[in-house]
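Visitor: Residues in the sequence shown are numbered from 1268 upward in steps of one, following the working numbering. Structure incoming, see below.
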Amino acid sequence: MFDLTQLIQTVTQHGPTARIVIAAHQGSSPRETGASMLVWTTGQSGTIGGGALEHQATEHARTLLATNQKSITRNALGPKLGQCCGGAVTLFTEVFTAETLPEPTPLIARPTTNQPMPLAVKRLLASARNQVALPAPHLLQGWMIEPLAKPQRQIWIWGAGHVGRALVHTLSPLPDLQITWIDTAPTRFPDAIPENTTALPALNPAHATELAPQNAEHLILTYSHALDLELCHRLLLHGFQSLGLIGSQTKWARFQSRLRALGHTPQIIAKITCPIGDPSLGKHPNSIAIGVAAHLLRPAEAGARSLTTRRLTTRRLTTRSRTA
1268 MFDLTQLIQT VTQHGPTARI VIAAHQGSSP RETGASMLVW TTGQSGTIGG GALEHQATEH
1328 ARTLLATNQK SITRNALGPK LGQCCGGAVT LFTEVFTAET LPEPTPLIAR PTTNQPMPLA
1388 VKRLLASARN QVALPAPHLL QGWMIEPLAK PQRQIWIWGA GHVGRALVHT LSPLPDLQIT
1448 WIDTAPTRFP DAIPENTTAL PALNPAHATE LAPQNAEHLI LTYSHALDLE LCHRLLLHGF
1508 QSLGLIGSQT KWARFQSRLR ALGHTPQIIA KITCPIGDPS LGKHPNSIAI GVAAHLLRPA
1568 EAGARSLTTR RLTTRRLTTR SRTA
């Protein structure tokens, strides 16, 4: 994915910026095709896999900053680079300035040298304009093709305490997430908010549930059990993609009882995941954040299977202990 927003911000802050992208690879590669990084005179961001390959590519990119040239190179990941991946990586490096930033089109295509646009690329761009499914990043007849990066998932985090801050810190670097962060007052949030995160102060956060899109994934971890319960109640009525609640098994048992008293059926209540994260990692805010992030990054079906497996395992162990 071509992250144009990040590129614009970097060019605005640092001037001419080289973008290095893995255009293709054969065999084992430290990163996938489309992985990219930005390099400017005094710094860099992102990664194409680290190690000698990235160091060499970064040094080469800095030599291009003064000339605004572009470069495409094929790099064997063998003894010459001191890497044992055994594959080969093709890197495309190009320099952007405020005047040469690409237009925000669904599919960003540009030549790796100076060849004219081939018919295959023209057809691909026409399909993209017609809202046909966008292709993955790839090289096509000497042109680099990349879809414009857009947030694919809406994450709503309720609570800006220690765990909320750890979650935002852990999740915000991921390129396909748009985070909405809700708490009761502006002073509840840190001074610096990540670019892909919107702070939403609300005197009564429960009223903000009406603003959430139906495909939002919610994580509830406020300072108040009463507020947590009200958020669960309202979101069950509103609808969501997923809903996770921080807490213990005791808290969850009480919440289930209270949600039933509010008119929710057990089948609807079961859509809530509680506790969130991985209890085996501990209760430190960063440990909770790592566990929650790991769950969110799993494919939906795999995540559901693993959750079901844990529940079934718990039931079996409980049944065995009763019959022993």
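The beta-carbon is built from N, C-alpha and C at its ideal position, and this holds for glycine as well.
#1: Tell me whether Asp1495 is buried or exposed, calling it buried when 16 or more other Cβ atoms sit within 10 Å of its Cβ.
#2: Bridge partners for Thr1340 per DSSP, in chain order?
#3: Could you tell me the alpha carbon to alpha carbon distance between Thr1277 and Gly1313, rounded to whole angstroms?
#4: Here's the rule I'm using: 16 or more other beta-carbon atoms within 10 Å means buried, otherwise exposed. How should Asp1443 be labelled?
#5: I think Gly1428 touches Gly1354, with their Cβ atoms under 8 Å apart; what is that distance to the nearest whole Å?
#6: I need the straight-line Cα distance from Ile1449 to Ala1343, nearest angstrom please.
#7: Roughly how many whole angstroms lie between the Cα atoms of Ala1493 and Lys1518?
#8: Considering only DSSP beta bridges, list what Asp1450 is partnered with.
#9: Quick check on the burial criterion: 16 or more other C-beta atoms within 10 angstroms. Buried or exposed for Arg1527?
#10: So what's Phe1522 in DSSP terms, helix, strand or just coil?
#11: Below 8 Å, how does it come out for the stretch 1389-1402 and the stretch 1448-1466: are there three or more Cβ pairs, yes or no?
#12: With burial defined as no fewer than 16 other Cβ atoms inside 10 Å of the residue's Cβ, what is the status of Ala1285: buried or exposed?
#13: Name the DSSP bridge partner or partners of Gly1313?
#14: Taking the alpha-carbon positions, what's the Ser1296 to Val1356 distance?
#15: Considering only the beta carbon of each residue, do Ala1290 and Leu1358 sit closer than 8 Å?
Guide: So, to answer that:
#1: buried
#2: Leu1358
#3: 12 Å
#4: exposed
#5: With 8 Å as the limit, Gly1428 and Gly1354 do not qualify as a contact, their Cβ atoms being about 45 Å apart.
#6: 48 Å
#7: 11 Å
#8: Pro1468
#9: exposed
#10: helix
#11: no
#12: buried
#13: Met1304
#14: 7 Å
#15: yes
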